[in-house]
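Trainee: This is the structure I want to talk about, given as structure tokens.
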Amino acid sequence: MKRMKKLVSIMLCLLLAASVLTACKKDDKNEATDTPNATKTPVEKTDDTDGNGDKVKTDDGAKPFELTLGIWPEETLVAEIELHKGYVETFNNDHPNVTVVPAYYKYAVDTFVPKAEAGTLPVIFETWYTDTQKLINGGFVADITDELAARGWLEEINPSIKDLMSKDGRTYGIPRDGYALGLMLNVELFEEAGLVDADGLPIYPKTWDELAQTAKTIKDKTGAAGLCLLAMDNAGGWHFSNIAWAFGATLTLVDADGNYVANIDTPEAIAAMEYVKSLKWEYDVLTADPTVENWGTGFTQLGTGGAAMYLAANDAVNQPTYNNGLAVDKLSIVPMPAGPKGDQYSLSGGTPYMFSKDATPDQINAALDYLVLMGKGPVLNEDGIRANNQYCVDNGIPVIPRFPAWASEDLKAAEDALAAEYSNVDMRLYNDYFDILKKPGNLRQEEPGATQEMYAQLTNVLQAVITDKNADVAALMKTADENYQTILDTTININ
Amino acid sequence: MVKVNKKGQINHRKKPLIQKRDYIGWMIMLPAIILFAFFVWEPILESVRLSLHTAKGFRIEEFVGFDNYKRLFQYPTFLQALKNTFVYIIWSLIIGFFTPMILAILITETVNLKSLFKVGIYFPNIVPGLATVLMWKYIFGEGKTGVINILLSYIGVEPQVWMNNTLLTIPIIVIILTWKGAGATTLIYMANISNIDPALYEAATIDGAGIIKRIKHIILPSIFSLGKMMLILQIISVFQILYEPLVLKQGGPNNASISIMMLVWNYANREFNYPMAAATSVVICIILIVFSGLYFKFTKTKKD
């Protein structure tokens, strides 16, 4: 009996151990584990009704494969999903062998590497301009130079934008949109504060000094914050670098040996930081706590009337309107204010599309074809752009010209004509902004070097001056400069 | 063969690694050992290996010796993070160490509604960690919308900045930790207190000892050794504080609340620099091993 008991217990232990080990089994169906529930099912091939046989006209005997789209809209954007279902329908007419799998993925630094290493990245996804070099260096993204060259797209990409997505002459991404920062206004608050001219257009600040005054008027008259300043994460330093440029600062230099030199504690940059400090302690025109404001909450403040002004760009007009409820005709973008000596720059960049390192050339080509359908490639796709513009009109999103991510003038002109046709806003609210971008020398790329680290250091200083009335700006900037130099010297300068 | 004498003691002359009568024991432990090996030991060794290399993602590239460690010690925020971590520990000892003891004694001495208090005190423990942090974020919110500021406005006090005051950031985070964690520790102390021989109380009462004397001479001495254990466990857990400062203030303002675990998080998730993250983890591990070693030494001499 006792022996029996012993045997049974050994068996049970082994069973338990075995069940532990079964968890190690590799699951081949990887897409099932990471897409959100509602988007898990592949979109129906809508050409089935016609019968598949006679539809195969381009891909004779082409092997069927799946195309996972990380650029699929998130579940809540119902209207946009309908738009994409239309794209898929058209897409499958030419690519009957491709199954499009919606795999909404919003690039986030804490999920990216595990997904990339596990091979569960969608074929195509959006990322940030600031992160492209990091992704290329980490070997997480596919080299698409050959695919782009075959289509003749390589020369079409705006050269300064292409540099951001290239390394050693190879290109790893293409731009979705370009952007250039301007000053976004909540026109309702300007009206409420009486800051409108005879035509009802907002009287906007031309310089940073005027901005402080305007912000004060708005705060006094409406109670809303004048400006939404960001000081939570690196976006704070990102915005600040544009303010610092207006004050005459250049935050990173490159010496004769090609090494990066931190240049944060210059009189100009310190003056810019002093200015930000005065917005809090002298004018008191900021939101209650700038240290909890990030890129997204800034649009919420602007869209819901919490703040009247915000540094933002033309590619994000859907944020205050569609996402946060601001009426389509109450949004305006005006030029970035100038500094005390008239310096005026607009920080420009864009949102890139990149491709999973595991994507096959077929998948990459299919994804590029899909982009053309969406009207995002350098090829004019009138239907795609019309559909997109109609979507914006239907959903209260301003239809305004794109910022050129592609070099072609003709394409730009054709797109602008289509935007004008669908225009649902008073372009006088945007014209000054688009005009200033054409001024030579106005557009400025992000600072080179370990840019994100520099932003982190600047955000620290922002937090200190916003939370401490007696903060010693010069000393804080000096510390930030030293810290950034140390980071540069221990990371990129040694390579 | 192992020879076992009548009293069940093992004959030490010949002792194979695994004795036959231990098989069942090993069998029972096997699943746990597999899990430990796979989820704890292997990753620890892998971290050490990774910290000595450069890598792309998790893929190791080349051996660089202690370069990552050198770079870590030069990193401007490292000393600040290490210092802050000790400040967290000090505040957690001031605020958090005695709170559960006091609560345990109070509840033990309570006559009515004991269960209600027990449940009440344990309740914050079942609230998900992030929910707790977000709730306190609103309570200590800035400006006119923070709960405490709203309450203070009724008595005419101007809105305070709370967590943006760099001197208060860490203490407030420790208060949140204590609010969430104290209940579980209180139950452990209560279990310990309830094990005290009631005869001691009776004798003390007969001798005319009041509640203060009972606490001082009976309860405190009997929970002393448990207290030492709790102390080291608390230090180890607070040393690894991560998501509270991350969610509340991202380590700010101006790095005032950054902890050393946040450095690991930043290295791994902001820069995708896993070797540096591994090096930082190894440093944390070594510091904790030293703490634990000191603890064992300390308790051993006390016991003998």
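Order-wise, the sequence lines are chains A and B.
Here the numbering used here runs 6 ahead of the position in the first sequence, where the first position is 1.
Here the numbering used here runs 615 ahead of the position in the second sequence, where the first position is 1.
We put the CB at the ideal spot given by N, CA and C, even for glycine.
Going by alpha carbons, who is nearest to residue 297 of chain A out of B/915, B/858, B/757, B/909?
Mentor: Taking only the C-alpha atoms, the option nearest residue 297 of chain A is B/757.
Trainee: Taking DSSP as the reference, what is the three-state secondary structure of residue 183 of chain A?
Mentor: strand
Trainee: Assuming contact is defined by CB atoms lying nearer than 8 Å, are residue 169 of chain A and residue 251 of chain A in contact in what I supplied?
Mentor: No, the pair does not count as a contact, with Cβ atoms beyond the cut-off.
Trainee: Determine, using beta carbons only, whether residue 131 of chain A comes closer than 8 Å to chain B.
Mentor: no
Trainee: When you compare only the Cα positions, how much space is there between residue 57 of chain A and residue 81 of chain A?
Mentor: The predicted model places residue 57 of chain A with a pLDDT of 39, which falls under 50 and marks its position as unreliable; any figure quoted below should be read in that light. In this structure, the straight-line span from the alpha carbon of residue 57 of chain A to that of residue 81 of chain A is close to 30 Å.
Trainee: May I ask which residues mark the beginning and end of the beta strand (DSSP E) holding residue 356 of chain A?
Mentor: 352 to 361
Trainee: Strictly below 7 Å CB to CB, what residues from chain B border residue 470 of chain A?
Mentor: Those within 7 Å of residue 470 of chain A in chain B are 868, 869.
Trainee: Could you tell me the distance, in whole angstroms, from the CA atom of residue 444 of chain A to the CA atom of residue 395 of chain A?
Mentor: 24 Å
Trainee: List the DSSP bridge partners of residue 192 of chain A.
Mentor: A/337
Trainee: Within 10 Å of its beta-carbon, does residue 233 of chain A have 16 or more other beta-carbons around it, so buried, or fewer, so exposed?
Mentor: In this structure residue 233 of chain A is buried. Its beta-carbon is surrounded by 16 or more other beta-carbon atoms within 10 angstroms.
Trainee: Against chain B, with Cβ distances strictly below 8 Å, would residue 378 of chain A count as a contact?
Mentor: Residue-level contact by beta carbon fails for residue 378 of chain A and chain B, as no gap is shorter than 8 Å.
Trainee: Where does residue 263 of chain A land, buried or exposed, given buried means 16+ other C-beta within 10 angstroms?
Mentor: exposed
Trainee: Between the alpha carbons of residue 786 of chain B and residue 710 of chain B, how many angstroms are there, rounded?
Mentor: 8 Å
Trainee: Can you tell me where the beta strand (DSSP E) holding residue 264 of chain A begins and where it ends?
Mentor: No beta strand (DSSP E) contains residue 264 of chain A, which DSSP labels as neither H nor E.
Trainee: I want to see whether chain A comes within less than 8 Å of residue 921 of chain B, judged by CB atoms only; does it?
Mentor: The structure shown does not extend to residue 921 of chain B, since chain B is modelled only from 616 through 919, so no value can be given for it.
Trainee: Given that residue 923 of chain B touches chain A, what residues does it touch there, using C-beta distances under 7 Å?
Mentor: An answer regarding residue 923 of chain B cannot be provided, because it is not within the stretch 616 to 919 covered by chain B.
Trainee: Give me the subset of the stretch 644 to 675 of chain B whose CB atoms are less than 7 Å from a CB atom of chain A, sorted by chain position.
Mentor: Taking 7 Å as the upper bound on Cβ-Cβ separation, chain A lies near residues 645, 646, 649, 650, 671, 672, 673 of the stretch 644 to 675 of chain B.
Trainee: According to DSSP, what are the bridge partners of residue 140 of chain A?
Mentor: In the DSSP output, where bridge partners are listed per residue, residue 140 of chain A has none listed.
Trainee: I'd like the list of long-range same chain contacts for residue 87 of chain A, defined as Cβ closer than 7 Å, with 5 residues on each side in sequence excluded.
Mentor: Counting only Cβ-Cβ distances below 7 Å, and skipping sequence neighbours, we find 79.
Trainee: Hey, is residue 691 of chain B's beta-carbon within less than 8 Å of any beta-carbon in chain A?
Mentor: It does: the Cβ of residue 691 of chain B has a partner Cβ on chain A nearer than 8 Å.
Trainee: Which same chain residues end up closer than 8 Å to residue 491 of chain A when comparing Cβ atoms and leaving out the 5 residues on each side of it in sequence?
Mentor: 267, 268
Trainee: Residues of the stretch 264 to 297 of chain A in Cβ contact with chain B at a cutoff of 7 Å, in chain order, please.
Mentor: Listed in sequence order: 294, 295, 297.
Trainee: Taking Cβ to Cβ, would you say residue 274 of chain A is nearer than 8 Å to residue 254 of chain A?
Mentor: yes
Trainee: Can you grab the Cα-Cα spacing for the pair residue 210 of chain A / residue 202 of chain A, in whole Å?
Mentor: 8 Å
Trainee: So which of A/418, A/73, A/320 has the shortest CA-CA distance to residue 109 of chain A?
Mentor: The shortest C-alpha separation from residue 109 of chain A is found at A/73.
Trainee: Given a cut-off of 8 Å on the beta-carbon distance, is the pair residue 397 of chain A and residue 141 of chain A in contact?
Mentor: no
Trainee: Look at the Cβ atom of residue 239 of chain A, then the Cβ atom of residue 330 of chain A, and state whether they are nearer than 8 Å.
Mentor: no
Trainee: Within 8 Å (strictly less), CB to CB, does residue 757 of chain B reach chain A?
Mentor: yes
Trainee: For a contact defined as C-beta to C-beta under 9 Å, what are the partners of residue 738 of chain B on chain A?
Mentor: Those within 9 Å of residue 738 of chain B in chain A number zero; the least Cβ separation is about 27 Å.
Trainee: May I have the straight-line CA-CA distance separating residue 639 of chain B from residue 652 of chain B, to the nearest angstrom?
Mentor: 19 Å
Trainee: What does the Cβ neighbour count give for residue 688 of chain B, buried or exposed, with the cut at 16 atoms within 10 Å?
Mentor: exposed
Trainee: With 8 Å as the limit, tell me which residues of the stretch 886 to 901 of chain B have their beta carbon closer than that to any beta carbon of chain A; keep them in chain order.
Mentor: Answer set for the stretch 886 to 901 of chain B: 886, 887, 889.
Trainee: Within its chain, find whatever has a CB closer than 8 Å to the CB of residue 152 of chain A; leave out the 5 residues flanking it on each side and keep chain order.
Mentor: 367
Trainee: Taking only three categories from DSSP, how would you classify residue 256 of chain A?
Mentor: coil
Trainee: Which term fits residue 859 of chain B, buried or exposed, when burial requires 16 or more other beta carbons within 10 angstroms of its beta carbon?
Mentor: buried
Trainee: Taking the alpha carbon of residue 971 of chain B as the reference point, which residue from B/694, B/887, B/746, B/682 has its own alpha carbon closest?
Mentor: Residue numbering for chain B in the displayed model covers 616 to 919; residue 971 of chain B lies beyond these limits and cannot be assessed.
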